[in-house]
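Chains as they are written, first to last, in the working numbering: chain A, 1 to 665; chain B, 1 to 665. Working notes, beginning with the structure itself.
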């Protein structure tokens, strides 16, 4: 018997304990038949629960009330790092990713980098203006899924959702891997010692824990590295451009030679591939639009301003990096997850190998790991919306103690760690993969917006529809370019994974709907009191306290309790009958001898046959179930009760009641 | 709703169906409140069950009634192959195993083989006479476990049991592997094609299926290869000895050279190691003593005679093989699971490469695979005895449709296949390991017998005690010799595994005892009718048919049903209350608002607190449980019901009832 232990001196928000009302420690009375549970009502009881609770307290902080939700809003200066680290961090690899493709046709093709960067920035401007409108139109969060679902239907919505979910996973894997690459660009021994993969996994777990603590702390923690990165980048570009204009910029030294020689010819196809890689700079642009409700009021206005600031900074940093990379003659790092990053080469050349270079490298690592954080904000939010709509298991819609969507956060961490381990930490190959998901969702979202304006036809709707229309067409073209040019480089995986995800979500919806039909009660039926007679049957294989309990329960339900015993040995059966009739007077024992040693089916047949004798009553079957104390005890007891239950539940004329019994604790 | 389908024309033993008694198809009335289930009562109903049943029928035959047990007894001519294939089959490898050790000190040491063989046969004689006495004293089966447990206590018994269980597994792995070796000694391509391991696994599965069919068929099936093997061996020895005496026996040709040169010095230690390997010839000697009840009456007499015949044949074949191996100059096969076996070289030389050689090889393979069968008879029998005594999970004591101990048979097959796969089919290294288990159990069994005679002191007890005493001392010395000489060759594994097994069995016993204490009902208590008032509480999170069913059940148990709803959202809670009070008149709804989003603990606290208000009554908690139709649906529904149940079951003043609901089938 678990005793009510005194409270272990935990600090609680509410201390107005009135001593003469024993309930008052756990509940607050709000009215007749309405209580509010205090935090104390879910306080741990057993030593084990208490230990778990204190571990959770250290990792995640104390539980937050649902009412605390509003205070978890972000001011703009915190929202910028939370939502923009993904998009800004891509500066660290996007230029290199373009150069790597071009290098296939020799290093003199690097001159195209600047032109391609201009195209990417132009795309960024179009998409930013498109999303500015979405933010205004969907102030409760206008992710691609919501916009596409609302305007273009379920399948479009799920396609956007599937693309985004895939992308979030890829973002976490690639960003954190690149962050650790920034570290071992400066300290090569980390990679040589084989510490890269464990370090990546650890970083992902760290980001996970921070996110399980809830949004506000995430904002505070993530603000400084982001601002240091932005500062270092702007300084880098400023100093670099100044030195370049004054003819004072040296060539990059200590550059590792490119392995292999030019194997491809320069052409439009190669340019398209390089462009596709450059598009990875734009992943995460949608984050702000997704997260409008996390901003302080007026939400949409703050979100729009944040988006503009973000896009501006991104444009400057991306163009600057590409320009300087050409000026210093940087070479892209090799494909196989090794080598120095382009940004590191630029930084080393511009700043020299001093303090500022290391600040740049560390803040690059910081922002890349924080980039993962954007996905940790978006993936759980999207999956909670999907769960609310029935496309994801319901637990994804539940908020944890700290108001975070724990299931989504944990799922994202585990899947992306799996991806990192599977690719041995060389996730460079994945960079090219996630542009297609991002642009698919851009296209669907903006097509949805076009429809939205056509349906709504508010003031200035033609202008709005035009802006979104341009966005939709341009991003749609990019999707096709990426799909064709990168098909053989793994994009086919995305083209397989996304439909599988969609099918899965449709299947989950189907299952929920089906069960809903089976369980739903018409809202206008009034259920009267029970009107059929019932006989009560207890199944018993041994004389145990579990059986005695079931008989006692049965006696409160009907005049007579019948006890059915299936026996393999007639002699044993008679002894059992004698014992039951002596110890439980009034109980009628039926012995079923089973010469073929089956227990479950003869019992079920007997119930059917005897029910058929008097079809006007129903049969209530009480199943004394012995609950093992430990999971390992399960293999020590056979599971006949479960088989009987499975055979009878859901059948007309039968009601099955499990009467679990466990010896006193 | 599963309908009662007409019987699908199955042939049944009992056809006296009386049409006007609907029960008569399934049950036979034996008296008031006593029915006997006919085979029809466990006939399959659903198409899936029917498919499964017909597969089982093909593999295992039709179910046997428990009353058929007596007819499953074995005449001596069938008992000999069933119980002796293990011990006889060791002729196929024991000589080679000795030579392999000696080869370490050069091939001229082979002269010691004959001497060692004499020692082994002397041991065999001693052990046989010892067991003759055990058979007489324990006519219900006198395995080492029973004898040691009864006379020397639990720990000695479990040590014997653990050693034997380990041995049975090793026997299956080694015998079947050696059997397949006999095959690829004749057809080397089998091994070259990598077919050895799959072939071994398949053979084990085949033996498993045959055993699941029950003992009688096993006897019939296994008789012929055993007798062919015995015949071929006797012919081989006869022809070989004759040719040898007439100076007409050539040297073995085509012998593969020994890899490596002499690396060890001849000495007593090497002789001991060789002797230890030779002792593997005696594994399985105990089989007859274990299986006394399987003989036809008079059981003990038939068993004794069978044992003598078996030992005589073994002695002749083992000595003969060793003698001929020296005469033809056979070399042992290499350690690594390849090469031609010694017996194959002898056969090829004596018979020449004609028909008789192939008959010998095939029957060797046959008996080696059948040797596994002895383990398949012994392991399940021993584990059923252990299960009856509470040292093994109870399902090991249940007989299957064909009266075989299915759990033990399947467990043995899976573990030994695992061993074969782990060792890649080269189980030669395991041969030396199982002698120690056998001799440990010999020693314990015979020490137990000595104690038995001292306690019983019947006529001639001194003589009997002396015989068993000599056996115990001699086999005990062998155990020490093996443990020391082969310690570094893997015997340490056995010395680790057996204690782990013993600890496991003691733990299982402990768990059963503990649960027994918790569940046991004093046999003299009379339980009166329920005397405490009860209130009925239903927990409900949604309005569903499962909840309606729980309320209806609750209404038959008490005047008023209280429905408790834990809500995260006060507005939703009020709507729920309104709906319940409208649709289920008379039900009192209590809302518990949970601002910290916990569901289970606030509910449990509420029940505790309200129970404490009126401690004279008990609280009956009805848990509407929605049973998913498929296993994969489980992840779609959260398992709060299980957590509530776990929190309340076993507590004073609470009775928990699961009311499972599944939508109609």
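Even glycine gets a Cβ: it sits at the ideal position worked out from N, Cα and C.
Among the options, which one has its Cα closest to the Cα of residue i?
i, options, result
"residue 510 (chain B)", "B:432, B:390, B:97, B:36", "B:390"
"residue 298 (chain B)", "B:89, B:182, B:278, B:140", "B:140"
"residue 252 (chain A)", "A:623, A:553, A:329, A:81", "A:329"
"residue 604 (chain B)", "A:34, A:322, A:45", "A:45"
"residue 575 (chain B)", "B:474, B:541, B:558", "B:541"
"residue 366 (chain B)", "B:196, B:222, B:612", "B:222"
"residue 238 (chain A)", "A:498, A:347, A:581", "A:347"
"residue 480 (chain A)", "A:568, A:276, A:50", "A:276"
"residue 628 (chain B)", "A:622, A:526, A:512, A:597", "A:512"
"residue 450 (chain A)", "A:462, A:653, A:522", "A:462"
"residue 60 (chain A)", "A:241, A:406, A:549, A:384", "A:406"
"residue 235 (chain B)", "B:249, B:556, B:429, B:320", "B:320"
"residue 102 (chain A)", "A:488, A:267, A:25", "A:267"
"residue 248 (chain B)", "B:190, B:174, B:193, B:351", "B:351"
"residue 555 (chain B)", "B:325, B:308, B:621", "B:621"
"residue 368 (chain A)", "A:650, A:654, A:87", "A:87"
Residue j and residue i - do their beta-carbons sit closer together than 8 angstroms?
i, j, result
"residue 501 (chain B)", "residue 166 (chain B)", "yes"
"residue 453 (chain A)", "residue 465 (chain A)", "yes"
"residue 90 (chain A)", "residue 280 (chain A)", "yes"
"residue 505 (chain A)", "residue 158 (chain A)", "yes"
"residue 606 (chain B)", "residue 561 (chain B)", "no"
"residue 197 (chain B)", "residue 421 (chain B)", "yes"
"residue 317 (chain B)", "residue 233 (chain B)", "yes"
"residue 625 (chain A)", "residue 660 (chain A)", "yes"
"residue 75 (chain A)", "residue 296 (chain A)", "yes"
"residue 113 (chain A)", "residue 326 (chain A)", "yes"
Give the straight-line distance between the Cα atoms of residue i and residue j, rounded to the nearest whole angstrom.
i, j, result
"residue 586 (chain A)", "residue 630 (chain B)", "40 angstroms"
"residue 1 (chain B)", "residue 658 (chain A)", "Unreliable positioning characterises residue 1 (chain B) in this predicted model, as indicated by a pLDDT of 39, which lies under 50. A coordinate reading is not provided."
"residue 42 (chain B)", "residue 402 (chain B)", "14 angstroms"
"residue 534 (chain B)", "residue 570 (chain B)", "29 angstroms"
"residue 544 (chain A)", "residue 214 (chain B)", "33 angstroms"
"residue 336 (chain A)", "residue 204 (chain A)", "Because the pLDDT at residue 336 (chain A) is just 38, under 50, the model does not fix this residue reliably, and the point stays unresolved."
"residue 93 (chain B)", "residue 343 (chain B)", "7 angstroms"
"residue 285 (chain A)", "residue 131 (chain A)", "9 angstroms"
"residue 646 (chain B)", "residue 173 (chain A)", "39 angstroms"
"residue 54 (chain B)", "residue 64 (chain B)", "15 angstroms"
"residue 340 (chain A)", "residue 429 (chain A)", "16 angstroms"
"residue 431 (chain B)", "residue 137 (chain B)", "32 angstroms"
"residue 396 (chain B)", "residue 372 (chain B)", "19 angstroms"
"residue 83 (chain A)", "residue 582 (chain B)", "48 angstroms"
So is residue i buried or exposed if we call it buried at 16+ other beta carbons inside 10 Å?
i, result
"residue 551 (chain A)", "buried"
"residue 486 (chain B)", "buried"
"residue 125 (chain B)", "exposed"
"residue 448 (chain B)", "buried"
"residue 493 (chain A)", "exposed"
"residue 246 (chain A)", "exposed"
"residue 567 (chain B)", "buried"
"residue 13 (chain B)", "Here residue 13 (chain B) scores only 41 on pLDDT, less than 50, and its place in the model is too uncertain to base an answer on."
In chain C, which residues lie with their C-beta within 8 angstroms of the C-beta of residue i?
i, result
"residue 593 (chain B)", "The structure shown contains no chain C; the protein chains it does contain are A and B."
Inside the segment 533 to 583 of chain B only - alpha helix (DSSP H) runs reaching at least 4 residues: Qualifying alpha helix (DSSP H) stretches, in chain order: 545 to 555, 570 to 583.
Ordered list of alpha helix (DSSP H) runs contained in the segment 59 to 145 of chain A, each at least 4 residues: Those alpha helix (DSSP H) runs which fall completely within the segment 59 to 145 of chain A and span 4+ residues are 76 to 89, 94 to 102, 112 to 137.
Residue ranges of each alpha helix (DSSP H) within the segment 326 to 409 of chain B, 4 or longer: The qualifying runs are 342 to 351, 355 to 388.
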